[in-house]
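*Asks:*
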Amino acid sequence: MGEKTLTRMDLSEAVFREVGLSRNESAELVESVLGHMSDALVAGEQVKISSFGTFSVRDKAARVGRNPKTGEEVPIQPRRVLTFRPSHLMKERVAAGNKR
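Residue numbers (this note's numbering): 523 to 622.
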């Protein structure tokens, strides 16, 4: 597996090259899109991106966990977790190893 990480800067640079906006406009566009996605998730909405996948927030109930080292029971507080479910197309692309 490669250790390359796609960053906000990489996304804004791709927008700059492929769309033709200025670097500042490209960075603002990426920030705006990520901001809209974050706001929707905070509000409990799903974020569905066609051919990519779906981000959603799940509420997990309180439960009793166990410390694996000591075996002691520990209460786990209720919490909200972010989940991502890739689309079938994304799963197929990753499985095939396409770089495009």
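Here a beta-carbon is modelled for each residue, glycine too, at the ideal position from N, C-alpha and C.
This one's a predicted model, so the numbers in the text were calculated from it and none came from an experiment.
Which class does Ser578 belong to by DSSP, given the choice of helix, strand or coil?
*Replies:* Reduced to three states, the DSSP call for Ser578 is strand.
*Asks:* Along the alpha helix (DSSP H) that carries Lys570, what are the first and last residues, could you check?
*Replies:* Careful: Lys570 lies outside any alpha helix (DSSP H), inside the beta strand (DSSP E) at 569-571.
*Asks:* Tell me which same chain residues have a C-beta within less than 7 Å of the C-beta of Gly593, skipping the five on either side of it?
*Replies:* Excluding residues within five positions, none has a Cβ falling inside 7 Å.
*Asks:* Consult DSSP for Leu551 and reduce its assignment to one of helix, strand or coil.
*Replies:* DSSP places Leu551 in helix when its eight states are reduced to three.
*Asks:* Across which residues does DSSP place Thr605 in a beta bridge pair?
*Replies:* Per DSSP, Ser578.
*Asks:* Are the CB atoms of Phe577 and Phe606 nearer to each other than 8 Å?
*Replies:* Yes, they are a contact pair.
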